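Number of protein chains: 4
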Amino acid sequence: MARTQAAVDKRRLILDAAVRVFARQGFHTCRVSDIADEARVAYGLVYHYFKSKDEILDTLFLERWDILLRAITEVDTQEIPPREKLYAIAGFIVDSYRHDPELMKVIIVEVTRAANTFGRTHLPQIRQAYIQIAAIVDRAQRERIFRNDVTPDFAAMAFYGAVEQVLTGWIFSLLPVGDREYEDAKTLIVETICGGLERVEG
Amino acid sequence: MARTQAAVDKRRLILDAAVRVFARQGFHTCRVSDIADEARVAYGLVYHYFKSKDEILDTLFLERWDILLRAITEVDTQEIPPREKLYAIAGFIVDSYRHDPELMKVIIVEVTRAANTFGRTHLPQIRQAYIQIAAIVDRAQRERIFRNDVTPDFAAMAFYGAVEQVLTGWIFSLLPVGDREYEDAKTLIVETICGGLERVEG
Amino acid sequence: MARTQAAVDKRRLILDAAVRVFARQGFHTCRVSDIADEARVAYGLVYHYFKSKDEILDTLFLERWDILLRAITEVDTQEIPPREKLYAIAGFIVDSYRHDPELMKVIIVEVTRAANTFGRTHLPQIRQAYIQIAAIVDRAQRERIFRNDVTPDFAAMAFYGAVEQVLTGWIFSLLPVGDREYEDAKTLIVETICGGLERVEG
Amino acid sequence: MARTQAAVDKRRLILDAAVRVFARQGFHTCRVSDIADEARVAYGLVYHYFKSKDEILDTLFLERWDILLRAITEVDTQEIPPREKLYAIAGFIVDSYRHDPELMKVIIVEVTRAANTFGRTHLPQIRQAYIQIAAIVDRAQRERIFRNDVTPDFAAMAFYGAVEQVLTGWIFSLLPVGDREYEDAKTLIVETICGGLERVEG
DNA sequence: CATGAATGAGACTTCATTCAT
DNA sequence: TATGAATGAAGTCTCATTCAT
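In the order they appear, the protein sequences are chains A, B, C and D.
Each residue of the first sequence is one higher than the one before, counting from 217 in the numbering used here.
Each residue of the second sequence is one higher than the one before, counting from 217 in the numbering used here.
Each residue of the third sequence is one higher than the one before, counting from 217 in the numbering used here.
Each residue of the fourth sequence is one higher than the one before, counting from 217 in the numbering used here.
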């Protein structure tokens, strides 16, 4: 039986509240009661919809990461140059941050960068993103568009690392934020990774 | 005040044990007693040398990060091309990981990537590294060796992000490890960031 | 007030399910939702028919115990020797177990042997059984069929204790079960208590 | 290393307090804080000495039950008639109750009669007592002192059931208590089980 | 310096009960 | 009658920190 509409709403309410609370206080530092309070629901209702505090974070991560993986897959099916593929991926991640910075903060800080806890749990999912990015690089190398002295795996890590670090810069207020900066970032990440920082003499 | 020799030893014993425990279990998941057990010292002795569990991690981070900052400063004083400076910095970080992967794992996972807790506490120190790297880029741009359409701050983040992500790859076993790989990584990071992934037509 | 037929059915359904759940998991360890699930009724319906979880057990006990008390009363009105009266009572209890071991398990484990909770609540009912058994012994002593150096109260406890312990043996799989064993048990209990374990010379 | 004296004292303090609390409120109904309060120690100290609330009860039971098993073994080694052996065993249990009625109440109510929880856990230990009693009966039958139409297992259950039910009678105030009653009980139990309730015609 | 027993606040989780539909 | 979402009190257990020796 499909969940009733009302039920879905409360469940969503709790998930959305959890994003705000996790972003503000961190997963380990917040209490389940903080989430309940933020969602304005009774304490016990959180446990009606989720087996544990962990499951809330798992749900948030998997929901969002699945969308990312689909987006990367979608990008790779297009017939566009590899640089544009990477631009589209970076763009998707940047836009995700622009659209919901708290959610992206939670996913990065509490999952993808948390090597000991959730990061390890969701490693297969996370790795899948790297694999798909590496596949794009691999094809670009076969087509002799990308140089082949950098292994695809390695290139994928560098690319993804640069993207995540830029988001981290925004999260930590180490880089200026704003619509202009978000658009620029997409270009700059790709310019840096694909074109390189060094001037090419004409 | 000079500490006695024996005292220094026990203190060091605890710090080294903490590295192993934090690396294995994570800061939040381990107990102070785990550290004491690992160090084979009495529980209470941990509190003789450190005010709190937090202070242990703070100490580990600050010790090591200070060395990194000094290394970057040292690199920047040399009269070598910017690419070589970045190579030296990447090399220093990679060698740090090779020399003590557990310590580097702790610093990355528990501090530099932990936006909500220690990451925020030590933000000034962390930022300092970015600033120094950005300064290198800035000078390279003024000397017209690096292109100037990528802001130095941004370039610094991309570079540091790539390095840290490679270490993360090793930590998570997403990238192969070994002496050869460590050496290659230094070159590949710099090739990617400075030279770019795209082939340059001759 | 006459309950509608459907209503009675659901109520019975819940009681029967509760027997199985209590027998399997124990009263304290099971949840009301376990009972509802076992009965295949909605959670809330349990509270439509019963004020509380306690009331379900109370109902089960009182229903069954009342039948036992009536049976003992009925036995005592017959004009048969005391040994046959005790045989009839032991037989009734053994047959109750044979007919519905789960219900008897619940009554013994959760009520008659639970000194702190339900046992205390239903003490008057439980005591009534002892009183009626003691009365049988008392009459037998007056008729000089039973020896009178064992007080009737005491004899009643010994008799009932032996019966309950045999049931406990079956519940715990400490004694073999089966139709033959059930029949034998009736005789053996009475032989032991009335005849004694010692051989009588002569 | 042996526990220090102070440590043993606090541990004992907690165990003794637990007996009083379990006897008064029942295992399921009491809180760990009740035990700590009763022992006048800090809440956490309970968990310093015991892994869980369960472990406290386990400890109490195993300590005492071991003593009972040893006593039965000891009795069986003596060269005395079986009736005297059973008298000694009943006497040991009755004296245990006289000496520490709260502890015996806890053991009977919360363990030996709790089929679903601790009773099941400690079944092997409990069964051991029945086995040893049955062995005494078995030998008495071989020596043609006891009749052999009642199986030893069965006789053991009847005997132990009678003893436990008498204790239950005291616990529930269904039987009068007092030094006289305790002494009488020993004799009456054995008279009932060995001699039988029926008068033997001379 | 060294020990580890002692403290107690605080977290997660459970679940009986209520209630709106 | 029937449903199951919603409530929140209460309990177990953890563990950082303190302290007496």
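Built from N, CA and C at the ideal position, the CB exists for glycine as well.
None of these values were measured; they are calculated from a predicted model.
*Put B/Glu414 into one of helix, strand or coil per three-state DSSP.*
Your numbering for residue 414 of chain B matches position 198 in the second sequence. Strand, per DSSP.
_Three or more C-beta pairs below 8 Å linking the segment 291 to 303 of chain D and the segment 333 to 342 of chain D_ = no
*Nearest chain D C-beta to C/Thr245 closer than 8 Å, yes or no?*
The sequence position of residue 245 of chain C within the third sequence is 29, counting from 1. C/Thr245 counts as touching chain D.
_A/Gly242 versus B/Asn332: straight-line alpha-carbon distance, rounded_ = Here residue 242 of chain A refers to the residue found at position 26 of the first sequence. Here residue 332 of chain B refers to the residue found at position 116 of the second sequence. When rounded, the distance between both Cα atoms is 6 Å.
*At what residues does the alpha helix (DSSP H) containing B/Phe277 begin and finish?*
Residue 277 of chain B sits at position 61 when you count from the first residue of the second sequence. Per DSSP, B/Phe277 belongs to the alpha helix (DSSP H) from 269 to 293.
*Classify B/Phe362 as helix, strand or coil using the three-state DSSP reduction.*
Indexing the second sequence from 1 puts residue 362 of chain B at position 146. Of the three classes helix, strand and coil, the one that applies to B/Phe362 here is strand, per DSSP.
*Do D/Thr408 and C/Val366 have their C-beta atoms closer together than 8 Å?*
Within the fourth sequence, numbered from 1, the residue matching residue 408 of chain D stands at position 192. Within the third sequence, numbered from 1, the residue matching residue 366 of chain C stands at position 150. A contact, by the Cβ cut-off of 8 Å.
*When DSSP labels each residue in this structure, what does D/Thr408 get in the three-state scheme?*
To locate residue 408 of chain D, count along the fourth sequence from 1; it is residue 192. Note: D/Thr408 maps to helix in three-state DSSP.
*Given that a residue counts as buried once 16 or more other Cβ atoms are within 10 Å of its Cβ, and exposed if not, what is C/Ala258?*
The count along the third sequence starts at 1 and reaches residue 258 of chain C at position 42. It is exposed - the Cβ of C/Ala258 has fewer than 16 other Cβ atoms within 10 Å.
_What residue range does the alpha helix (DSSP H) around C/Pro317 cover?_
What you label residue 317 of chain C is simply residue 101 of the third sequence in a count that begins at 1. Looking at the DSSP string, the run of the alpha helix (DSSP H) that includes C/Pro317 is 317 to 322.
*Could you list which residues in chain A have their beta carbon closer than 9 Å to that of B/Arg343, in chain order?*
Here residue 343 of chain B is taken as the residue at index 127 of the second sequence, counted from 1. Those are Phe388, Leu390, listed as they occur along chain A.
_Strictly below 7 Å CB to CB, what residues from chain A border B/Tyr346?_
For this step, residue 346 of chain B is matched to residue 130 along the second sequence. Near B/Tyr346 (Cβ distances below 7 Å), the residues of chain A are Leu390.
*Using the C-alpha atoms, what's the distance from B/Phe266 back to B/Ala218?*
Reading the second sequence from its first residue, position 2 is the one you call residue 218 of chain B. Reading the second sequence from its first residue, position 50 is the one you call residue 266 of chain B. With a pLDDT of only 49 at B/Ala218, under 50, the local geometry of the prediction cannot be trusted, and the value read off the model is given with reservation. Cα to Cα, the separation comes out at about 17 Å.
*Give the interface partners of A/Ile361 over in chain B, defined as CB-CB distance under 8 Å, in chain order.*
On the first sequence, residue 361 of chain A is found 145 positions in, with the first residue counted as 1. Glu414, Arg415, listed in chain order.
*Going by CA-CA distance only, name the one from D/Gly377, D/Phe370, D/Gly307 that's closest to D/Val353.*
For the purposes of this step, residue 353 of chain D is identified with residue 137 of the fourth sequence, where counting begins at 1. Cα-wise, what sits closest to D/Val353 is D/Phe370.
_Assuming C/Tyr398 and C/Tyr376 are in contact, meaning their beta carbons sit under 8 Å apart, how far apart are those beta carbons, in whole angstroms?_
One-based indexing of the third sequence puts residue 398 of chain C at position 182. One-based indexing of the third sequence puts residue 376 of chain C at position 160. In fact, because the Cβ distance is near 18 Å, the residues do not count as touching under 8 Å.
*asked:* So that I know if they touch, is there some Cβ in chain A lying closer than 8 Å to that of B/Leu404?
replied: Taking the second sequence and counting its residues from 1, the one referred to as residue 404 of chain B is at position 188. Judged by the 8 Å Cβ criterion, B/Leu404 is in contact with chain A.
*Measure from the C-beta of D/Gln241 to each C-beta in chain C and report whether the shortest distance is under 8 Å.*
Residue 241 of chain D sits at position 25 when you count from the first residue of the fourth sequence. True, the Cβ-Cβ gap to chain C drops below 8 Å.
*Mind reading off the beta-carbon distance from C/Ala234 to C/Leu276? Whole number of angstroms is fine, and I expect it under 8 Å.*
Taking the third sequence and counting its residues from 1, the one referred to as residue 234 of chain C is at position 18. Taking the third sequence and counting its residues from 1, the one referred to as residue 276 of chain C is at position 60. So it is a contact: roughly 7 Å between Cβ atoms.
*Do you know offhand how far A/Arg228's Cα is from D/Lys269's?*
The sequence position of residue 228 of chain A within the first sequence is 12, counting from 1. The sequence position of residue 269 of chain D within the fourth sequence is 53, counting from 1. When rounded, the distance between both Cα atoms is 38 Å.
*With 16 other CB atoms within 10 Å as the buried threshold, where does C/His264 fall?*
In the third sequence, residue 264 of chain C corresponds to position 48, counting from 1. Burial call: exposed.
*For A/Ile361 versus A/Pro317, is the C-beta spacing smaller than 8 Å?*
Here the question's residue 361 of chain A lines up with position 145 in the first sequence. Here the question's residue 317 of chain A lines up with position 101 in the first sequence. Not a contact, by the Cβ cut-off of 8 Å.
*Quick one: is C/Lys321 near chain D, going by C-beta distance under 8 Å?*
The sequence position of residue 321 of chain C within the third sequence is 105, counting from 1. Closer than 8 Å: yes.
*DSSP three-state call for A/Leu339: helix, strand or coil?*
Sequence index remark: in the first sequence, residue 339 of chain A carries index 123 (1-based). Three-state DSSP puts A/Leu339 in a helix.
*Consult DSSP for C/Ala258 and reduce its assignment to one of helix, strand or coil.*
What you label residue 258 of chain C is simply residue 42 of the third sequence in a count that begins at 1. Here C/Ala258 sits in coil by DSSP.
_D/Arg202 to D/Thr328 span [Cα, whole Å]_ = This structure does not reach residue 202 of chain D, given that chain D is present from 217 up to 418, and the question cannot be answered.
*asked:* Which same chain residues end up closer than 7 Å to B/Arg467 when comparing Cβ atoms and leaving out the 5 residues on each side of it in sequence?
replied: In the structure as shown, chain B begins at 217 and stops at 418. Residue 467 of chain B is therefore absent and cannot be evaluated.
*So what's D/Phe375 in DSSP terms, helix, strand or just coil?*
Reading the fourth sequence from its first residue, position 159 is the one you call residue 375 of chain D. Reduced to three states, the DSSP call for D/Phe375 is helix.
*Beta-carbon separation of D/Glu326 and D/Phe388 under 8 Å?*
The count along the fourth sequence starts at 1 and reaches residue 326 of chain D at position 110. The count along the fourth sequence starts at 1 and reaches residue 388 of chain D at position 172. Not a contact, by the Cβ cut-off of 8 Å.
_For A/Ala330, tell me which candidate among A/Leu273, A/Leu231, A/Ser249, A/Glu414 has the shortest Cα-Cα distance._
Along the first sequence, one-based indexing puts residue 330 of chain A at 114. When only C-alpha atoms are compared, the closest one is A/Leu273.
*For D/Leu339, go through chain C and note every residue whose CB falls closer than 9 Å to its CB, in chain order.*
Reading the fourth sequence from its first residue, position 123 is the one you call residue 339 of chain D. In chain order: Phe388, Ser389, Leu390.
*Would you say D/Tyr303 and D/Lys226 are within 8 Å of each other, going by their C-beta atoms?*
Locating residue 303 of chain D in the fourth sequence gives position 87, counting from the first residue. Locating residue 226 of chain D in the fourth sequence gives position 10, counting from the first residue. Contact flag unset, no.
_At the level of alpha carbons, what is the spacing between A/Met373 and B/Gln381?_
As a position in the first sequence, residue 373 of chain A is number 157, starting the count at 1. As a position in the second sequence, residue 381 of chain B is number 165, starting the count at 1. So the alpha carbons of these two residues sit roughly 6 Å apart.
*Which class does D/Gly307 belong to by DSSP, given the choice of helix, strand or coil?*
Stepping through the fourth sequence from its first residue, residue 307 of chain D is reached at position 91. Residue state, collapsed to three classes: helix.
*Using 8 Å as the limit for Cβ to Cβ distance, is D/Thr369 near chain C?*
Position 153 of the fourth sequence holds residue 369 of chain D. According to the sequence displayed, residue 369 of chain D carries Asp and not Thr. It does; some Cβ of chain C falls within 8 Å.
*Going along the chain, which residues of its own chain have a beta-carbon closer than 7 Å to the beta-carbon of C/Val379, five neighbours each way excluded?*
As a working mapping, residue 379 of chain C is identified with position 163 in the third sequence. If we look at C/Val379 and ignore the five residues flanking it on each side, its Cβ neighbours are Ala306, Ile309, Ile405.
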